[in-house]
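Each remark here refers to the structure printed beneath this line.
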Amino acid sequence: MNKIKQILLEKPIIGGIVIAALFNLFLFLALLTQTLIYIIIGEMHYLIIMWLQFSLTFGFLAILLLYLVPYGLNLPNGVESLSDYSEAIQLKNGSSVRNNIFLSIIVVFIFVSFEILAGLVLLEISFNFVSLFTEPRPDNLGIFSWIYYLRPGIWEEIAFRGIILTMLLKKYSKRTAIIIDGILFGFTHLFNFLFGADLIATLIQVVYATILGFFLAFMYIKTESIVSCILTHYLIDVFGQIFIISSMNIIMLLIVLVGFVVCIPVIINSYIVKLYSEKFL
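The sequence shown maps to residues 6 to 286 in the working numbering.
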């Protein structure tokens with residue numbers, strides 16, 4: 006076991022792949038548990054299903070990232086306690102939480118603004134802010150979005166920025182670490198296809214997540230705090246629910262999502278993060 010731990014620490018790419026694989030394995034275990042509960046209990050109200058799915062996925066990932074990774078694998082840097090772990094993943098540091106929160110709000114505002122612009126220019130994209138405050142339905146999370154997206158916002162950032170990126174930075178330059186981290190983050194979304202997502206939608210999400218992963222890794226390094234990454238990721242996911250894309254060919258969808266909705270805001274926000282972190286963090 007000690008030899009495995011040493012390999013994961015000394016070869017961060019392998020360590021990153023292992024963490025990403027474990028992340029998806031625990032999501033699968035949560036889904037499997039949910040399915041077994043369905044079989045045993047039978048038909049349930051859709052609100053109970055929503056809460057069950059959230060609780061299981063959140064709980065399984067909490068076990069992985071708050072117990073197995075720090076205590077079992079001693080990652081990302083040989084930690085042996087939750088206190089060491091929180092410092093290693095930059096959850097507990099000297100950065101101002103208030104300033105990190107304010108930066109996240111600015112960044113998300115830029116992302117959402119470009120999504121709204123895309124909706125105003127293209128008839129195929131519509132948006133409805135009210136949907137975030139409506140009663141949940143089987144086909145729409147509604148106000149439950151504010152709870153549901155805590156799971157990816159918190160645990161994906163702890164896994165990919167707090168653990169994997171921290172490991173990569175110990176061996177590679179910042180630029181190389183950002184690239185590897187973003188690629189790992191993007192390709193992990195391929196597992197969504199195994200969980201029933203559409204192939205084309207999954208591939209587009211991989212590209213989208215990879216570019217967003219580059220930015221979040223850059224943000225993590227500049228702010229030296231995972232708080233800004235968690236809040237930014239969480240709010241991007243939540244506000245992403247207000248946009249509805251109707252009929253649009255795949256080429257146009259890639260141009261709009263990757264070029265206009267992701268790349269341009271990422272460039273602008275990277276500059277904002279750089280200036281803001283130098284002045285306020």
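Even for Gly, the Cβ is constructed at its ideal location relative to N, Cα and C.
All figures in this text were calculated on a predicted structure; none of them were measured in a lab.
Three-state secondary structure assigned by DSSP to residue i
i: F200; result: coil
i: K8; result: helix
i: S5; result: The question about residue 5 has no answer, for the chain in this structure spans 6 to 286.
i: L195; result: coil
i: E48; result: coil
i: C286; result: Position check: residue 286 holds Leu in this sequence, whereas Cys was assumed. The answer is coil: DSSP assigns L286 none of H, G, I, E or B.
i: Y76; result: helix
i: K16; result: coil
i: K175; result: coil
Buried/exposed call for residue i, threshold 16 Cβ in 10 Å
i: H50; result: exposed
i: M172; result: buried
i: T257; result: The displayed chain sequence assigns Met, not Thr, to residue 257. Flag for M257 reads exposed.
i: V126; result: exposed
i: T40; result: exposed
i: G124; result: buried
i: F244; result: buried
i: R166; result: buried
i: Y225; result: buried
i: K284; result: exposed
i: Y90; result: buried
i: P143; result: exposed
i: L5; result: The question about residue 5 has no answer, for the chain in this structure spans 6 to 286.
i: L168; result: Rather than Leu, the amino acid found at residue 168 in this sequence is Ile. It is buried - the Cβ of I168 has at least 16 other Cβ atoms within 10 Å.
i: N133; result: exposed
i: L37; result: exposed
i: I94; result: buried
i: G264; result: exposed
i: S233; result: buried
i: G201; result: exposed
Within 8 Å, strictly: CB atoms of residue i and residue j
i: K175; j: N82; result: yes
i: S101; j: L286; result: yes
i: I247; j: S109; result: no
i: F119; j: I260; result: no
i: L61; j: A35; result: yes
i: H194; j: V211; result: yes
i: I196; j: L204; result: A small fix is needed here, since residue 196 is Phe in this sequence, not Ile. Their beta carbons are not under 8 Å apart, which means F196 does not touch L204 by this criterion.
i: W160; j: L70; result: yes
i: I231; j: E162; result: yes
i: F59; j: Y153; result: yes
i: V267; j: I216; result: yes
i: I209; j: L262; result: yes
i: I42; j: L66; result: no
i: I9; j: A164; result: no
i: F190; j: G218; result: yes
i: G20; j: L73; result: no
i: S131; j: I241; result: no
i: R156; j: F33; result: no
i: T228; j: N105; result: yes
i: F223; j: S275; result: yes
For residue i: DSSP bridge partner residues
i: F248; result: F132
Worksheet item: Which ranges does the beta strand (DSSP E) cover as unbroken runs of at least 3 residues, wholly within the stretch 80-158, from first to last along the chain?
Response: 130-132
What are the start and end residues of each continuous beta strand (DSSP E) run of 3 or more residues lying completely inside the stretch 206-265, in chain order? 248-250
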